[in-house]
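Following: one structure in C-alpha cells, then a few remarks.
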Amino acid sequence: MQQPGFFDLMSFGPGGWGPAMLTGALVTLALALCGFAIGAVFGAVAAFAKIAGGRIARTIADIYTTVLRGIPDLLVIYLFYFGGSTVLTSIGRLFGHDGFIGLPGFATGAIAIGIVSGAQHTEVFRGAFRAVHRGEIEAAIAAGMHPFLRFRRIIAPLVLRYALPGLGNIWQIVLKESALVSVTGVVELLRQAQVGAGSERQPFTFYFAAAILYLVITSLSSITFRQAEGYFSRGVRRSR
Amino acid sequence: MSFAFFQETLLTLLPGVPLTLELAFLSTAIGAVLAVTLALMRLSGVLPLDYFARAYVFAFRGTPLLVQIFLIYYGLSQFPAVRQSVFWPVLREPFWCAIIALSLNTGAYGSEVVRGGLLSVPHGQVEAARAVGMSGLLLFRRIVLPQAIRQALPAYGTELILMVKATSLASIITLMEITGRAAKLISDTYRVIEVFVVAGAIYLIINFVLTRIILALEFWLTPHLRERPEARELPADSAGEHA
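One line per chain: the protein sequences are A and B, in this order. The first sequence begins at 1 in the numbering used here and counts up by one. The second sequence begins at 1001 in the numbering used here and counts up by one.
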C-alpha cells in the first residue's frame, strides 16, 4: 500500500492535517501564555513574601519554591487533574450538589503549569529585585513617593528589566512543559499529533511535525525576547 | 486520611525508586559522554562538526522531552527498516527508548554546561602545559578536563536533579517508576492528596540526598578554594621571619 508522504499529510487541502496541527499549536501557545501569567502572579507574591514578608510568610514561600523545584511537573499536573475535580466534587456535596464536578482540562493545565513555573518566577523576581540599586529606592523615598507609587514608577520597571532574561528562560520551559498537559486530554499540539498518529498510523510523521512546530514557536520566542531585551535596556550604557 | 493508607502507599511507591534512579543515572552517564563530545565538536573549529553540534543542541533544547520520547518509542516503528534491523529488540523496549530519549536530551543541555566549563580554563594553563611538553590527549586529560569538570560540576548537579524529575515522563510510555505507580494508585483509589504527598516526599528526599552528594563532591574537588586551616604554632626561630 502506498502511504501518503509527509507533505500530503500535513497539507491544508482535503484530508490534510495542517489546520488541525496549527490549531493545536495555537492551543499550546494559549496554554503556555496562561500558565506563564499565572506563574508570574504566584512568583510576584512569593518573591514579595521572601523579600519583605515576616518569618511565617518567608517560610511558606521557601517551602513553596523548594517543594515545587524538587518534584516532577507531571506529578503536579496529575495532582490538579485528579485532585481538582475531587476537591470540587466534595465542595459541591457540601452545598448539596450530588455527583461529579469536573474541572476543564485547559484550566487545570494552566493552573498546574502556573504553580510549577511560579517557583521559578519567584527566584527570577527576587534576583532582579536584588539588582535594583538601593540609591534608586532611596531617591524615590526622598522625592516623597509613597510605597505604591514607588513600586509602580521605580521598582516594577527596573525589576522587569533585570528579570527579562530570566523570564525568557522560564517562558521556554513553560512552552515545553505545556506538552505534559496532553496527558489530561487537552487537545494541544502534542495531543493533536497523537490523534493524527493514531488515525493515520504514521506516528513518526506526526510527532516530527509537532517537533518542528515546537521548534518554530521556541525560536520565534527567543528572537522576540532578545528584541525586548534590547528595547528595554536602550537606556543602559553597554560596557563594550 | 489514615495512617494505614499512607503506609500502604509508601509500600506501593517505594519499589519504583530503583527504576527512577536507574533511568536517571544511566541516562545522565550516557548524556555526559554525549555532552563532552558535543562540546568538543563546538570548540573544535571544524565547521561541519561545529554546525552539527549547534543544530543538535538547537533541536533538542527547542522541543519538549515528551515529543522526543514519543518520536523514539512510537515514531521509529513506522519504518519497516527499523523494525527489521538488529536494533529492534532494543528499540521495542520502553525502558531503552526512555534511556535513549533522556540521554539525547540531557546531552544537549549538558553540552552547554561542559562548553562553559571548557571555556573557563585559563589560557595560561594550556600554555604552561605546552611549555612542559604536553599536547593533545595528555594535555586534555591532565590539564583541561579536570579544571573544566570542577567549573561545570555545580551546573551539572542541577542537570542531574532535572533528570530525576524528567524520569517521571517515562511513566507515560508504561514504565512503572514512582510517578507511574502513583498515577495507577490514584486512578485505583481516588485518594489524590495522600498519594501525591507520599510520591512528592520520595522525590524530595532523593533530590535532597543528591544535592548533598554533589556538594560533598564539589568540596572534595576544590581543596584549593577552601579556607586554610588555622596556622599551627611555629617554632620560635622560623616564626621570627614573619615579624
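Beta carbons: idealized from backbone N, C-alpha and C, even for Gly. Here the structure is a predicted model, which is why all the values come from computation and not from measurement.
Check, Outcome
"Under 8 angstroms between the Cβ atoms of A1073/B and I1149/B?", "First, the residue type needs correcting, since residue 1073/B is Tyr and not Ala in the sequence shown. No, the Cβ-Cβ distance between Y1073/B and I1149/B is not below 8 angstroms."
"Kindly list the residues whose CB is nearer than 6 angstroms to the CB of M1163/B, restricted to its own chain and excluding five residues on each side of it in sequence; keep chain order.", "A1024, T1028, T1106"
"Can you round the beta-carbon distance between G24/A and E188/A to whole angstroms, since I take them to be within the 8 angstroms contact cut?", "6 angstroms"
"Tell me which residues share the same chain as G196/A and place their Cβ nearer than 6 angstroms to its Cβ, disregarding the 5 neighbours each side in the sequence.", "W17, F206"
"In chain order, which continuous runs of the alpha helix (DSSP H) of length 4 or greater are located wholly inside the stretch 1079-1155 of chain B?", "1080-1083, 1088-1091, 1094-1120, 1123-1131, 1136-1139"
"Residues in the same chain with beta-carbon distance under 8 angstroms from F12/A, minus the five sequence neighbours each way, listed in chain order, please.", "G18, P19"
"Does A1243/B pass the burial test, meaning 16 or more other C-beta atoms within 10 Å, or should it be called exposed?", "Low confidence applies here, because A1243/B scores a pLDDT of 44, under 50, leaving its location unreliable; read the following figure in that light. That one is exposed."
"Report back the beta-carbon spacing between P72/A and Y1051/B to the nearest angstrom; my notes put them in contact at under 8 angstroms.", "Incorrect: roughly 34 angstroms between the Cβ atoms, too far for contact."
"For I1099/B, collect the residues of the same chain with a Cβ closer than 6 angstroms to its Cβ; drop the 5 residues on either side in sequence, then sort them by chain order.", "L1026, S1027"
"By the DSSP assignment, the alpha helix (DSSP H) with Q194/A in it spans what residues?", "189-200"
"Taking only beta-carbon atoms, is L215/A less than 8 angstroms away from chain D?", "The structure shown contains no chain D; its protein chains are A and B."
"If you draw a straight line from the alpha carbon of F1005/B to that of V116/A, how long is it in whole angstroms?", "27 angstroms"
"Give every residue of the same chain whose Cβ lies closer than 8 angstroms to the Cβ of A210/A, excluding the five residues on either side of it in the sequence, and list them in chain order.", "M21, G24, L189, L190, Q192, A193"
"What does the Cβ neighbour count give for P1223/B, buried or exposed, with the cut at 16 atoms within 10 Å?", "exposed"
"Report yes if the C-beta distance between W171/A and S221/A is below 8 angstroms; otherwise report no.", "yes"
"With a Cβ-Cβ cutoff of 8 angstroms, do E1194/B and G1016/B count as a contact?", "no"
"Let me see if you follow: with CB-CB separation under 8 angstroms, is Q1084/B close to chain A or not?", "no"
"For L1043/B and chain A, any beta-carbon pair shorter than 8 angstroms?", "no"
"In the DSSP assignment, the alpha helix (DSSP H) including M1041/B goes from what residue to what residue?", "1017-1043"
"Which residue wins for smallest C-alpha separation from W1220/B, given the options L1153/B, K1165/B, T1012/B?", "L1153/B"
"Can you list the residues of chain B that G70/A reaches, using a CB-CB cut of under 7 angstroms?", "Y1203, L1204, N1207"
"The alpha helix (DSSP H) that contains F151/A, what's its start and end?", "Element bounds for F151/A: n/a, residue is neither H nor E."
"Beta-carbon of K176/A versus every beta-carbon of chain B: anything under 8 angstroms?", "yes"
"From F106/A to V186/A, what distance separates their C-alpha atoms?", "6 angstroms"
"Are A179/A and L1066/B touching if we call contact CB-CB under 8 angstroms?", "yes"
"Please list the partners that T59/A has in chain B, where partner means a Cβ-to-Cβ separation under 8 angstroms.", "Residues of chain B passing the Cβ test: none, with the nearest at roughly 16 angstroms."
"Less than 8 angstroms between the CB atoms is what I'm expecting for A266/A and L68/A, so what's the real figure, rounded?", "It is not possible to answer for residue 266/A, since the shown part of chain A is limited to 1 through 240."
"Please determine, among T1189/B, L1217/B, I1143/B, V1209/B, the residue with the shortest C-alpha to C-alpha distance to E1008/B.", "T1189/B"
"Looking at chain A, which residues of the stretch 1106-1139 of chain B have a Cβ within less than 7 angstroms of any of its Cβ atoms?", "none"
"Grab the span of the alpha helix (DSSP H) containing Y64/A for me, first residue to last.", "55-70"
"Any idea what DSSP makes of V132/A, helix, strand or coil?", "coil"
"For the stretch 142-152 of chain A against the stretch 30-50 of chain A, do three or more pairs of beta-carbon atoms, one drawn from each stretch, fall closer than 8 angstroms, so that the two count as touching?", "no"
"Is the CB of I1186/B under 8 angstroms away from at least one CB in chain A?", "yes"
"Taking beta-carbon pairs under 9 angstroms, can you tell me which members of the stretch 1167-1193 of chain B lie near chain A?", "T1167, S1168, L1169, S1171, I1172, I1178, T1179, A1182, A1183, I1186, S1187, Y1190, R1191, V1192, I1193"
"Quick one: what's got a C-beta closer than 7 angstroms to R161/A's C-beta in the same chain, skipping five residues either side?", "F232, S233"
"May I ask you to report which of helix, strand or coil DSSP gives V236/A?", "coil"
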